[in-house]
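Those protein sequence lines, which keep their order, are chains Z and F. Counting from 117, one number per residue, gives the positions in the first sequence under my numbering. Counting from 4, one number per residue, gives the positions in the second sequence under my numbering. By construction, the Cβ of each residue, glycine as well, lies at the ideal position given by its N, Cα and C atoms.
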Amino acid sequence: MKQANLPPIPRSLKAPLRDALRALSGVADLSEEALEPVARMVPEPFRHAVRDTLHAMKQATVGDVVSRLDRDQLAAASGFVNGAAEGADACARMMGFAWDYLSARAAARPHWMFSEAVAVAALRKLPSDAGTRPALACRAVLTSAAIGELPAAPVVQAAPGGHTPESLLTAAIVWLLTARADSAEEELRLLDMAAALCRSIPAEPGDPADTDKLNARLRMLAQHL
Amino acid sequence: MAPPVSLFSDAQPLHKEAQRLRWFIRAFHLQMQETTAETGTTYDVSDDGLAAVFAAWLAAFERQKPAESGQNAAYVGFAAGLMLRELIREKPVTGVALPAHADSSNPAYFWPEGYLYVGFCLNVRGLVLNSDYHREQHPNEVLHELRTWWSFRENVGEDPSLAIPYLDLFCGEEPDWKFPALFHARPEGQAELPGTAATPLVGGRD
């Protein structure tokens, strides 16, 4: 009994609904891990049915990544982190896109959830100071409730060199800050490179509230991406 | 062979473009394709490894960057040596398959990864010097000598910083074996560096 795949997240879906699907996908991951020890005790047909259903749930957020990348939204998001007054909604949406993409490619899928709806609310409140916008956007999202543990997620320590909520968000912002690529495929490669660059050049120890320092780091990484 | 057009940009000079990870990864993959076409050796490379190489190179590059613009051309040569050092340290090439006809007395097959790294660094060095500083590079004959490659491989295995003077040697410059990882500003008039031929500098000898 094979379940039909759920459709990928439509571009027109409202942020709270994308958040719901994102959570569903994360829960599917956790459920598969949680069921692993008892899987052998369950009859084969039932085991397959459960696995197919969980995979269909995960597929709903992954889908065809290239076609899901809306380059108009990306341009608006890029403008926002670079200081434009408009584009907070696009910025949250692209952060969510980057979050999904990088999480799906991570060796160990992170057990956190990103909420675009909460991120939008935080980004809309940012002051008009264009110069420190990258750092302010990063702080605003990190200190809002936009990132949180998935319900019932086990407490796991991040693997060395693995993603953390901060590293995923930093990679997303560095990607949005840098010069745009010529195609959606190249944009995805750029996002991979942003994540690798952020991992390779870790933040220096210092005052986490130092906005100027964070801003300088984000701009330096974007300049060299 | 003309240098690949896609490595150049209208927006900024090549030495600036080369300080971007996206340029570095693209250029390395192009070098890999060229080397495979030339030697028949195929390589697997990790882009995460290349990112780590780039990050280490960038930190070392920024640390000794000269304040005087008159030293920039000389620094290109040193920066290429730093790149070779980081490639040798990080080993981003994760797999190598030699062709059936491989002759290990040829440097290309004696140390395939080193051959790729040296070819990449020499070509980038030459391209930057040629396009931004209008200088030419004249590689030394030792570049094709197995005994030089033998000592190169052994020595950089013990001290990767020796990659810097070895690259100078391959370029026909005076190597500094004593303080290999220190950039020495060149007096005005001595900053002339051999530049590049636009053809690959390594290989094509047999």
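Amino acids of chain Z, ordered along the chain, whose beta-carbon sits closer than 7 Å to that of residue i
{"i": "F/R23", "result": "H340, L341"}
{"i": "F/I251", "result": "Outside the shown range of chain F, which is 4 to 209, sits residue 251 of chain F, and nothing can be said about it."}
Listed by chain order, chain F residues near residue i by CB distance under 8 Å
{"i": "Z/L306", "result": "R25"}
Cross-chain neighbours of residue i in chain Z, by beta carbon under 8 Å
{"i": "F/A70", "result": "Here the premise fails: no neighbours, minimum Cβ distance about 19 Å."}
Min CB distance residue i to chain F below 8 Å
{"i": "Z/S244", "result": "no"}
{"i": "Z/Q119", "result": "Here Z/Q119 scores only 42 on pLDDT, less than 50, and its place in the model should not be relied on; the value that follows carries that caveat. Z/Q119 does not count as touching chain F."}
{"i": "Z/K329", "result": "no"}
{"i": "Z/Y217", "result": "no"}
{"i": "Z/P123", "result": "Confidence is the limiting factor: at Z/P123 the pLDDT is only 45, short of 50, which leaves the residue's position unreliable, though a coordinate-based value still follows. Output row for Z/P123: interface = no."}
Test: residue i CB closer than 8 Å to a CB of chain Z
{"i": "F/L61", "result": "yes"}
{"i": "F/A83", "result": "no"}
{"i": "F/A55", "result": "yes"}
Sub-8 Å separation of residue i and residue j beta-carbons
{"i": "F/H18", "j": "F/V79", "result": "yes"}
{"i": "F/I91", "j": "F/V159", "result": "yes"}
{"i": "Z/R256", "j": "Z/A238", "result": "What sits at residue 256 of chain Z in the sequence shown is Ala, not Arg. Cβ distance < 8 Å, so Z/A256 and Z/A238 count as in contact."}
{"i": "F/V127", "j": "F/E89", "result": "no"}
{"i": "F/T44", "j": "F/P115", "result": "yes"}
{"i": "F/F113", "j": "F/I167", "result": "no"}
{"i": "Z/M211", "j": "Z/A235", "result": "yes"}
{"i": "Z/H340", "j": "F/L24", "result": "yes"}
{"i": "Z/A311", "j": "Z/L190", "result": "no"}
{"i": "F/N143", "j": "F/F173", "result": "yes"}
{"i": "Z/A204", "j": "Z/R249", "result": "no"}
{"i": "F/A21", "j": "F/V121", "result": "no"}
{"i": "F/L85", "j": "F/A103", "result": "no"}
{"i": "Z/L337", "j": "Z/L313", "result": "yes"}
{"i": "F/A70", "j": "F/R138", "result": "no"}
{"i": "F/I28", "j": "Z/M309", "result": "yes"}
{"i": "Z/L266", "j": "Z/A136", "result": "no"}
{"i": "F/W152", "j": "F/P110", "result": "yes"}
{"i": "Z/A253", "j": "Z/C207", "result": "yes"}
{"i": "F/F1", "j": "F/Q67", "result": "Nothing in the structure corresponds to residue 1 of chain F, since chain F is present only between 4 and 209."}
{"i": "F/L33", "j": "F/L87", "result": "no"}
{"i": "Z/A297", "j": "Z/L185", "result": "no"}
{"i": "Z/A251", "j": "Z/L330", "result": "yes"}
{"i": "F/R150", "j": "F/G117", "result": "no"}
Chain F residues whose Cβ lies nearer than 7 Å to that of residue i
{"i": "Z/I317", "result": "A58"}
Chain Z residues whose Cβ lies nearer than 9 Å to that of residue i
{"i": "F/D50", "result": "R305, D308, M309, A312"}
Distance cut-off 7 Å: residue i Cβ against heavy atoms of the ligand SAM
{"i": "F/W60", "result": "Only the bare structure without any ligand can be found here, which leaves the ligand SAM out of the picture."}
Are the region 192-203 of chain Z and the region 274-293 of chain Z in contact at 8 Å, needing three or more beta carbon pairs?
Contact holds: three or more Cβ-Cβ distances are below 8 Å.
Pairing CB atoms from the region 81-98 of chain F with CB atoms from the region 51-59 of chain F, are three or more of them under 8 Å?
yes
Contact between the region 317-331 of chain Z and the region 228-245 of chain Z: three or more CB pairs below 8 Å?
no
Quick one: which unbroken alpha helix (DSSP H) runs of 4-plus residues sit fully inside the region 180-227 of chain Z? Chain order, please.
181-184, 187-197, 204-221
Using 8 Å as the Cβ pair cut-off and three pairs as the minimum, do the region 281-288 of chain Z and the region 250-265 of chain Z touch?
yes
Could you give the uninterrupted runs of the alpha helix (DSSP H) lying entirely in the region 58-113 of chain F, keeping only those of 4 residues or more?
Segments of the alpha helix (DSSP H) lying fully in the region 58-113 of chain F: 75-93, 110-113.
Please list the segments of the alpha helix (DSSP H) lying wholly inside the region 242-267 of chain Z, counting only runs of 4 or more residues, in order along the chain.
249-259, all fully within the region 242-267 of chain Z.
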